[in-house]
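To start, the structure itself, in structure tokens.
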Amino acid sequence: MRKIIHVDMDAFYASVEMRDRPELRNVPMAVGGSSDRRGVLCTANYEARKYGVRAAMPTKTALKLCPKLVLVKPNFHKYSEASQQVFEIFRSFTDKVQPLSLDEAYLDVTDCPHFNNSATLIAAEIRKIIFEKTGLTASAGIASNKLLAKLVSDFKKPNGQFTCDPQKTDELIKSIPVGKIWGVGKVMNERLLQMNIKTCEDLQAVPRHQLIQYFGKMGDHLFDFCRGIDEREVETEFERKSLSTERTFNRDLVIMEEIKPFFSEMVAEVIESLEDYSDRVVKNLHVKIKYFDFQSTTIERQLDLNEENFWELFLERWSQDPRPIRLVGVGVKFISNETEDCGQLLLNV
Ligand code: TTP
Numbered sequence: 001m002r003k004i005i006h007v008d009m010d011a012f013y014a015s016v017e018m019r020d021r022p023e024l025r026n027v028p029m030a031v032g033g034s035s036d037r038r039g040v041l042c043t044a045n046y047e048a049r050k051y052g053v054r055a056a057m058p059t060k061t062a063l064k065l066c067p068k069l070v071l072v073k074p075n076f077h078k079y080s081e082a083s084q085q086v087f088e089i090f091r092s093f094t095d096k097v098q099p100l101s102l103d104e105a106y107l108d109v110t111d112c113p114h115f116n117n118s119a120t121l122i123a124a125e126i127r128k129i130i131f132e133k134t135g136l137t138a139s140a141g142i143a144s145n146k147l148l149a150k151l152v153s154d155f156k157k158p159n160g161q162f163t164c165d166p167q168k169t170d171e172l173i174k175s176i177p178v179g180k181i182w183g184v185g186k187v188m189n190e191r192l193l194q195m196n197i198k199t200c201e202d203l204q205a206v207p208r209h210q211l212i213q214y215f216g217k218m219g220d221h222l223f224d225f226c227r228g229i230d231e232r233e234v235e236t237e238f239e240r241k242s243l244s245t246e247r248t249f250n251r252d253l254v255i256m257e258e259i260k261p262f263f264s265e266m267v268a269e270v271i272e273s274l275e276d277y278s279d280r281v282v283k284n285l286h287v288k289i290k291y292f293d294f295q296s297t298t299i300e301r302q303l304d305l306n307e308e309n310f311w312e313l314f315l316e317r318w319s320q321d322p323r324p325i326r327l328v329g330v331g332v333k334f335i336s337n338e339t340e341d342c343g344q345l346l347l348n349v
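Numbering (this note's numbering), first residue to last: 1 to 349.
The structure is reproduced here in structure tokens:
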């Protein structure tokens, strides 16, 4: 049986800011863009969350919910520095670390010799060292697989940990809402609710073939996941699938001359970032448009990498639905290094 720890830093960006500015510690605060420039929040501290303030919320809405909210501009350099320190600590315990984001990772400690191989004690030690070295708190979930470890790492948040006792997994998983299961997004959750399936116990009543019929390959996983079974390994090799950048405008734009200069900037940024990926082959150019009503659309095609082509793609998509634009993004998708994609490419030639 594997021993997996899921570590997740608490209110990460906000905690870094509170660490560095003590006056922010006991007030509701959030990290994000300002309301006059139509910013959104990256995250909020727990004080602000009491008012319903959440990550990804427009700053304007957050200020309505909590007028005293103190807003702090993000400083990504600081977050990335803290993240590097945290990942160094993870890697001092095991090589099998799978990052999920700057502040979150799975660790496979099955073969870790520390603390007589007790994953619970290893997790406590990791959290203790993180606090000593960075001044930040983390929470952890400890279990026999990734699915359960991630599910339970929230149970004792903030600054706590929970170990999923293998004897009690069957009981624990039954009451978990299906929306909490890895891979169940908003749409699938709604479909399940329409079928009157709210918890993993409800889901357990559906035969595997039926789940496959409804949800394809994910249905196959769901059958196992709702029983707390997950064979996925901690993946240490990360293959980037795409590279992109985007701009949110200060106001909604419809005039092409106003939008075009942003393309020059964004394309230059993507081309510069690509220098770090000289071993990768670009498959498609990709353009994203988000309208004033937050509806998004994308277009991608195999074209040469230049500003003109991005612009043409943008015009093609926008002319099909020419409404005011809130955000545009450009990027590239890479060809996967895995053999199946190469095979596909050969067939296409
Ligand atoms: P999360 O781990 O989702 O959240 P959190 O660490 O702020 O809080 P929690 O204690 O509930 O885990 O995200 C990690 C960081 O990623 C977060 O501090 C800011 C950033 N982030 C965004 O920039 N935008 C987002 O929409 C989200 C969800 C996170």
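Just so it is clear, CB atoms sit at the ideal spot from N, CA and C, and this is done for glycine as well.
Bounding residues of the beta strand (DSSP E) (the contiguous stretch that carries I299): As a position in the sequence shown, residue 299 is number 299, starting the count at 1. Counting along the chain, the unbroken beta strand (DSSP E) around I299 starts and ends at S296 to R301.
Those runs of the alpha helix (DSSP H) which lie wholly inside the region 306-333 and span at least 4 residues: List check, alpha helix (DSSP H) in window: 307-320.
Distance cut-off 7 Å: E201 Cβ against heavy atoms of ligand 1: Translated into positions along the sequence shown, residue 201 becomes position 201. Because no heavy atom of ligand 1 lies under 7 Å away, the Cβ of E201 does not count as near it: no.
F131 CB to nearest heavy atom of ligand 1 below 7 Å: Along the sequence shown, one-based indexing puts residue 131 at 131. No.
Collapsed DSSP secondary structure at N75 in the structure displayed: Here residue 75 refers to the residue found at position 75 of the sequence shown. Correct three-state label for N75: coil.
Same chain, Cβ closer than 8 Å to I89, neighbours up to 5 away in sequence not counted: Start at 1 with the first residue of the sequence shown, and residue 89 comes out as number 89. For I89, where only same-chain residues beyond five positions count, the Cβ hits under 8 Å are I126, I129, I130 and K133.
Start-to-end residues for the alpha helix (DSSP H) that takes in D202: Your numbering for residue 202 matches position 202 in the sequence shown. Residues C200 to Q204.
Any non-hydrogen atom of ligand 1 within 7 Å of A56 CB: For the purposes of this step, residue 56 is taken as the residue at position 56 of the sequence shown. Yes, since a heavy atom of ligand 1 falls inside the 7 Å radius drawn around the Cβ of A56.
Contact under 8 Å by Cβ, K198 with V178: The count along the sequence shown starts at 1 and reaches residue 198 at position 198. The count along the sequence shown starts at 1 and reaches residue 178 at position 178. The answer is yes: Cβ separation under 8 Å.
C-beta contact flag for L305 and V330 at 8 Å: Within the sequence shown, numbered from 1, the residue matching residue 305 stands at position 305. Within the sequence shown, numbered from 1, the residue matching residue 330 stands at position 330. No, Cβ-Cβ distance for L305 and V330 is not below 8 Å.
Residue range of the alpha helix (DSSP H) that includes H221: Along the sequence shown, read from residue 1 onward, the residue named residue 221 stands at position 221. Per DSSP, H221 belongs to the alpha helix (DSSP H) from K217 to F225.
Three-way DSSP call (helix, strand, coil) for R247 in this model: Residue numbering aside, residue 247 sits at position 247 when the sequence shown is read from its first letter. It is a strand residue.
Any 3 or more C-beta pairs closer than 8 Å across the region 186-197 and the region 98-113: Touching, no.
Proximity test, S101 beta-carbon vs ligand 1 heavy atom, cut-off 7 Å: Translated into the one-based positions of the sequence shown, residue 101 becomes position 101. Yes, ligand 1 has a heavy atom inside 7 Å of this Cβ.
Candidates Y51, G135, R232 and I181: closest to Q85 by CA position: Position 85 of the sequence shown, counting from 1, holds the residue named residue 85. Q85 has its Cα closest to that of G135, out of Y51, G135, R232 and I181.
Helix, strand or coil at F162 according to DSSP, with G and I counted as helix: Walking along the sequence shown from the start, residue 162 turns up at place 162. Here F162 sits in strand by DSSP.
Residues near D252 in its chain [Cβ-Cβ closer than 7 Å; skip 5 each side]: Residue 252 sits at position 252 when you count from the first residue of the sequence shown. Result list for D252: F292, P324, I325 and R326, in chain order.
Burial state of L100 (16 or more Cβ within 10 Å): Locating residue 100 in the sequence shown gives position 100, where the first residue counts as 1. Per the 10 Å Cβ criterion, exposed.
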